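Structure first, commentary second.
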Amino acid sequence: DAGITQSPRHKVTETGTPVTLRCHQTENHRYMYWYRQDPGHGLRLIHYSYGVKDTDKGEVSDGYSVSRSKTEDFLLTLESATSSQTSVYFCATHPISSGNTIYFGEGSWLTVV
Amino acid sequence: KNEVEQSPQNLTAQEGEFITINCSYSVGISALHWLQQHPGGGIVSLFMLSSGKKKHGRLIATINIQEKHSSLHITASHPRDSAVYICAALPNTGNQFYFGTGTSLTVIP
Chain U
1433 DAGITQSPRH
1443 KVTETGTPVT
1453 LRCHQTENHR
1463 YMYWYRQDPG
1473 HGLRLIHYSY
1483 GVKDTDKGEV
1493 SDGYSVSRSK
1503 TEDFLLTLES
1513 ATSSQTSVYF
1523 CATHPISSGN
1533 TIYFGEGSWL
1543 TVV
Chain V
724 KNEVEQSPQN
734 LTAQEGEFIT
744 INCSYSVGIS
754 ALHWLQQHPG
764 GGIVSLFMLS
774 SGKKKHGRLI
784 ATINIQEKHS
794 SLHITASHPR
804 DSAVYICAAL
814 PNTGNQFYFG
824 TGTSLTVIP
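Residue numbers (the working numbering), protein chains in the order written: chain U, 1433 to 1545; chain V, 724 to 832.
Now the structure itself:
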């Protein structure tokens, strides 16, 4: 258990509102990822970070932004939520060495109405 | 184009059966991970492989680097094994994982 916590765990929001999901880790892992999981698509990368203030886009980054001002926190923001962003969001961390496993947070269930 | 392919997509087994889930990948990798996700639950790592075979309880994972193929075996399956099993490849270059779409396993008592 890498001590990854996500918040909020469940949220219902209205279309057009901004939403921020937080991922917090206590293991000082360098790499942090945000994924969304949808039926039929599996896990898809939204954004990832390879260090403080170092982030990059994944395959489904449109409509999302991220920030990492501290090693332990990686924030995902939906700038103006849409119904297509209703999904389960998972944060994950990975140490710099490829000899280590990947750790996931518990997931955040987001519903946009 | 999917760098990681899993089969089967869905699998139903009777309790006690031997189960095999397959994963093929098309890129050079530094490690291959098997993940488990119970319904409505989080995702946990079962195995990380770079070569050979690993065993944990009733679960066995193997990898053939030359053939770019990995298998997850469950011996004496039990209803609590019912979950989605996901294969994830970490390529030699870059730090983004490639994921299979998962195998949904149901074990019937």
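C-beta atoms are modelled at their ideal positions from N, C-alpha and C, and glycine is treated no differently. These numbers come from a predicted model, not from an experiment.
* Asked: Any idea if R1468 (chain U) is buried or exposed, counting beta-carbon neighbours within 10 angstroms, 16 or more meaning buried?
  -> Translated into the one-based positions of the first sequence, residue 1468 (chain U) becomes position 36. Result: buried.
* Asked: Does the beta-carbon of S1519 (chain U) have 16 or more other beta-carbons within 10 angstroms, so that it is buried, or is it exposed?
  -> Locating residue 1519 (chain U) in the first sequence gives position 87, counting from the first residue. Burial call: buried.
* Determine the contact status of T1445 (chain U) and A1513 (chain U), defining contact as a CB-CB distance below 8 Å. => The residue labelled residue 1445 (chain U) in the question sits at position 13 within the first sequence. The residue labelled residue 1513 (chain U) in the question sits at position 81 within the first sequence. Closer than 8 Å, so yes.
* Along the beta strand (DSSP E) that carries V767 (chain V), what are the first and last residues, could you check? => Residue 767 (chain V) sits at position 44 when you count from the first residue of the second sequence. Per DSSP, the unbroken beta strand (DSSP E) holding V767 (chain V) starts and ends at 766 to 772.
* Closest by C-alpha distance to R1441 (chain U), when choosing among U:T1452, U:K1502, U:G1448 -> The residue given as residue 1441 (chain U) occupies position 9 in the first sequence. Here the closest residue by C-alpha is U:T1452.
* Asked: Just how far apart, CA to CA, sit Q1517 (chain U) and F822 (chain V)?
  -> Reading the first sequence from its first residue, position 85 is the one you call residue 1517 (chain U). Reading the second sequence from its first residue, position 99 is the one you call residue 822 (chain V). Approximately 20 Å between the Cα atoms of the pair.
* Asked: Got a sec: is the Cβ-Cβ distance from T1518 (chain U) to anything in chain V below 8 Å?
  -> Within the first sequence, numbered from 1, the residue matching residue 1518 (chain U) stands at position 86. By this cut-off, T1518 (chain U) is not an interface position.
* To do: Please compile the residues from chain U whose C-beta is within a distance smaller than 8 Å of the C-beta of N818 (chain V).
  => Sequence index remark: in the second sequence, residue 818 (chain V) carries index 95 (1-based). Those are Y1463, Y1480, Y1482, H1526, listed as they occur along chain U.
* Collapsed DSSP secondary structure at R803 (chain V) in the structure displayed -> The residue labelled residue 803 (chain V) in the question sits at position 80 within the second sequence. Looking at R803 (chain V) - three-state DSSP - the assignment turns out to be helix.
* What whole-angstrom Cβ distance do F1536 (chain U) and G764 (chain V) have, given they're in contact under 8 Å? -> What you label residue 1536 (chain U) is simply residue 104 of the first sequence in a count that begins at 1. What you label residue 764 (chain V) is simply residue 41 of the second sequence in a count that begins at 1. Actually they are not in contact, since the Cβ atoms of F1536 (chain U) and G764 (chain V) sit about 10 Å apart, beyond 8 Å.
* Give the secondary structure of S1515 (chain U) by DSSP, where H, G and I count as helix, E and B as strand, and everything else as coil. => Position 83 of the first sequence, counting from 1, holds the residue named residue 1515 (chain U). It is helical.
* Go ahead and label T1447 (chain U) buried or exposed: buried means 16 or more other beta carbons lie within 10 angstroms of its beta carbon, across all protein chains shown. => On the first sequence, residue 1447 (chain U) is found 15 positions in, with the first residue counted as 1. When all chains shown are included, T1447 (chain U) counts as exposed.
* **Cutoff 8 Å: E1426 (chain U) Cβ touching any chain V Cβ** => Past the edges of chain U, shown from 1433 to 1545, lies residue 1426 (chain U), and the structure says nothing about it.
* What's the C-alpha gap between T816 (chain V) and E1491 (chain U)? -> Taking the second sequence and counting its residues from 1, the one referred to as residue 816 (chain V) is at position 93. Taking the first sequence and counting its residues from 1, the one referred to as residue 1491 (chain U) is at position 59. Rounded to whole angstroms, T816 (chain V) to E1491 (chain U) spans 17 Å at the Cα level.
* Answer with yes or no whether the minimum CB distance from G823 (chain V) to chain U is below 8 Å. => Within the second sequence, residue 823 (chain V) is the residue found at index 100, counting from 1. By this cut-off, G823 (chain V) is an interface position.
* Asked: Can you list the residues of chain U that A811 (chain V) reaches, using a CB-CB cut of under 9 Å?
  -> By 1-based counting over the second sequence, the position of residue 811 (chain V) is 88. Simply L1475, I1534.
* Just mark I831 (chain V) as buried or exposed, buried being the case when its beta carbon has 16 or more other beta carbons within 10 Å. => Here residue 831 (chain V) refers to the residue found at position 108 when the second sequence is read from its first residue. Label assigned to I831 (chain V): exposed.
* Asked: Do you know whose CA, among V:S827, V:Q819, V:Q737, V:P802, lies nearest Y1480 (chain U)'s CA?
  -> By one-based count along the first sequence, residue 1480 (chain U) stands at place 48. The shortest CA-to-CA distance from Y1480 (chain U) to any of V:S827, V:Q819, V:Q737, V:P802 is the one to V:Q819.
* Identify whether I1534 (chain U) lies in helix, strand or coil by the three-state DSSP scheme. => On the first sequence, residue 1534 (chain U) is found 102 positions in, with the first residue counted as 1. Coil at I1534 (chain U), not helix or strand.
* To do: With DSSP collapsed to three states, give me the class of N818 (chain V).
  => As a first step, residue 818 (chain V) must be located in the second sequence, where it is residue number 95. Of the three classes helix, strand and coil, the one that applies to N818 (chain V) here is coil, per DSSP.
* Show which residues of chain U have a CB atom less than 7 Å away from the CB atom of H756 (chain V). => Indexing the second sequence from 1 puts residue 756 (chain V) at position 33. Correct list: T1533, I1534.
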